[in-house]
Amino acid sequence: KAGVTQTPRYLIKTRGQQVTLSCSPISGHRSVSWYQQTPGQGLQFLFEYFSETQRNKGNFPGRFSGRQFSNSRSEMNVSTLELGDSALYLCASTSSGVSTDTQYFGPGTRLTVL
Amino acid sequence: EDQVTQSPEALRLQEGESSSLNCSYTVSGLRGLFWYRQDPGKGPEFLFTLYSAGEEKEKERLKATLTKKESFLHITAPKPEDSATYLCAVGAQKLVFGQGTRLTINP
Chain X
1 KAGVTQTPRY
11 LIKTRGQQVT
21 LSCSPISGHR
31 SVSWYQQTPG
41 QGLQFLFEYF
51 SETQRNKGNF
61 PGRFSGRQFS
71 NSRSEMNVST
81 LELGDSALYL
91 CASTSSGVST
101 DTQYFGPGTR
111 LTVL
Chain A
1001 EDQVTQSPEA
1011 LRLQEGESSS
1021 LNCSYTVSGL
1031 RGLFWYRQDP
1041 GKGPEFLFTL
1051 YSAGEEKEKE
1061 RLKATLTKKE
1071 SFLHITAPKP
1081 EDSATYLCAV
1091 GAQKLVFGQG
1101 TRLTINP
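Going down the list, the protein sequences come from chains X and A. Mapping to my numbering: the first sequence position 60 is 60, numbers consecutive. Mapping to my numbering: the second sequence position 18 is 1018, numbers consecutive.
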């Protein structure tokens, strides 16, 4: 079974631009979560989607948004990019979103903001 | 608010030298404790899930244990390929991660 895939793998943007990242979960998985990983803050939760609805949200500004499609694929968008948004963005999927499910991570998208 | 603290931050061992990594947690109610391994430039790779105090799980040279306040990842006779950052997390749909332990195994 194929794992979680994320595209693109690398992105370079400049301040003020916006960016859209894509995540395809493991086949059959319906819950998708997004995380930001930086050297200083580690892995931090952004939001989680289940059946096209945002179910949980972390403590990030409104510039960070996401959505999920009917096929469970998910996108996250960051508007008005800041230098501090440079990070590895990770997507994870679980089968049913039950609280005890294990999250399986993709390879991440490395975003660099210049 | 859930909190996770991992120690040590970094650990350097010789091949074959066994040791343990620590994960201390504070939660209002434990729904699951997760261990992941992360190689540079890659996403975290799932290792174990523990749900209740006293539970233990093993995989090759790794063994994870859980008490009411902490979890240990024991590594027995490690090899250079075990070098990675090991992450501990608690939660459910929203995982709270520790800062990780960077493990280096020298041949």
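Here a beta-carbon is modelled for each residue, glycine too, at the ideal position from N, C-alpha and C.
Subject >> Cβ contact check for the segment 1083-1101 of chain A and the segment 1004-1024 of chain A: 3 or more pairs under 8 Å >> reply: When C-beta atoms of the segment 1083-1101 of chain A are compared with those of the segment 1004-1024 of chain A, three or more pairs fall below 8 Å, so the two segments count as touching.
**OP:** Report all residues from its chain with a CB closer than 6 Å to the CB of Q1003 (chain A); omit the five preceding and five following residues, and keep chain order.
**Re:** Closer than 6 Å at the Cβ level, and outside the excluded window around Q1003 (chain A), lie T1026.
**OP:** Using beta-carbon positions only, say whether S51 (chain X) and R30 (chain X) come within less than 8 Å of one another.
**Re:** It is a contact, given that the beta carbons lie within the stated cut-off.
Original post:
Is the shortest distance between the beta-carbon of L11 (chain X) and the beta-carbons of chain A less than 8 Å?
Top reply: In terms of beta-carbon proximity, L11 (chain X) stays away from the interface with chain A, with every pair separated by 8 Å or more.
Original post:
If the cut is a Cβ gap below 9 Å, which residues of chain A does S33 (chain X) touch?
Top reply: Per Cβ cutoff of 9 Å: Q1093, K1094 and L1095.
**OP:** Would you please state the rounded distance, in angstroms, between the beta carbons of Y49 (chain X) and G66 (chain X)? I believe it to be under 8 Å.
**Re:** Y49 (chain X) to G66 (chain X), Cβ: 6 Å. Contact.
**OP:** Please list, in chain order, all residues of the same chain as T1005 (chain A) whose beta carbon is under 7 Å from its beta carbon, the five residues on each side excluded.
**Re:** Within the same chain, T1005 (chain A) has close Cβ partners S1024 and G1098.
Subject >> Residue interval of the beta strand (DSSP E) (run including G42 (chain X)) >> reply: Segment G42 to F50, the beta strand (DSSP E) holding G42 (chain X).
Original post:
Taking all protein chains shown into account, do 16 or more other C-beta atoms lie within 10 angstroms of the C-beta of L114 (chain X), making it buried, or fewer, making it exposed?
Top reply: Exposure of L114 (chain X) is indicated by the presence of fewer than 16 other C-beta atoms within 10 angstroms of its C-beta.
Original post:
DSSP three-state call for L83 (chain X): helix, strand or coil?
Top reply: Helix at L83 (chain X).
Subject >> Under 7 Å (Cβ pairs) to chain A, residues found in the segment 41-55 of chain X >> reply: Per Cβ criterion, the list reads G42, L43, F45, E48 and R55.
Original post:
Residues of chain X with CB under 7 Å from K1042 (chain A), in chain order?
Top reply: Per Cβ cutoff of 7 Å: P107.
**OP:** List the endpoints of the continuous beta strand (DSSP E) containing Q37 (chain X).
**Re:** Counting along the chain, Q37 (chain X) sits inside the beta strand (DSSP E) bounded by residues S31 to T38.
**OP:** Mind listing the chain A neighbours of Y104 (chain X)? Cutoff is C-beta to C-beta under 7 Å, in chain order.
**Re:** Contact note: Y104 (chain X) reaches chain A through F1046, using a C-beta cutoff of 7 Å and chain order.
Original post:
So what's E75 (chain X) in DSSP terms, helix, strand or just coil?
Top reply: Here E75 (chain X) sits in strand by DSSP.
**OP:** Given a cut-off of 8 Å, decide if S86 (chain X) and T112 (chain X) are closer than it, judged by their beta-carbon atoms.
**Re:** For the pair T112 (chain X) and S86 (chain X), the CB atoms are nearer than the 8 Å cut-off.
**OP:** Using the DSSP secondary-structure output, state which residues sit across from N1022 (chain A) in a beta bridge.
**Re:** The beta-bridge partner set that DSSP reports for N1022 (chain A) consists of A:S1007 and A:F1072.
Original post:
Of the residues that make up the segment 62-76 of chain X, which ones have a beta carbon closer than 7 Å to any beta carbon in chain A?
Top reply: Correct list: empty, as no residue qualifies.
Subject >> Test: L90 (chain X) CB closer than 8 Å to a CB of chain A >> reply: Taking Cβ atoms only, chain A reaches closer than 8 Å to L90 (chain X), which makes this a yes.
Original post:
From X:G3, X:Q17 and X:Q68, pick the residue whose C-alpha is nearest to that of Q32 (chain X); which is it?
Top reply: At residue 32 (chain X) the sequence reads Val, which differs from the Gln that was named. The shortest C-alpha separation from V32 (chain X) is found at X:Q68.
Original post:
Is G62 (chain X) closer than 8 Å to L46 (chain X) when the C-beta atoms are compared?
Top reply: No, Cβ-Cβ distance for L46 (chain X) and G62 (chain X) is not below 8 Å.
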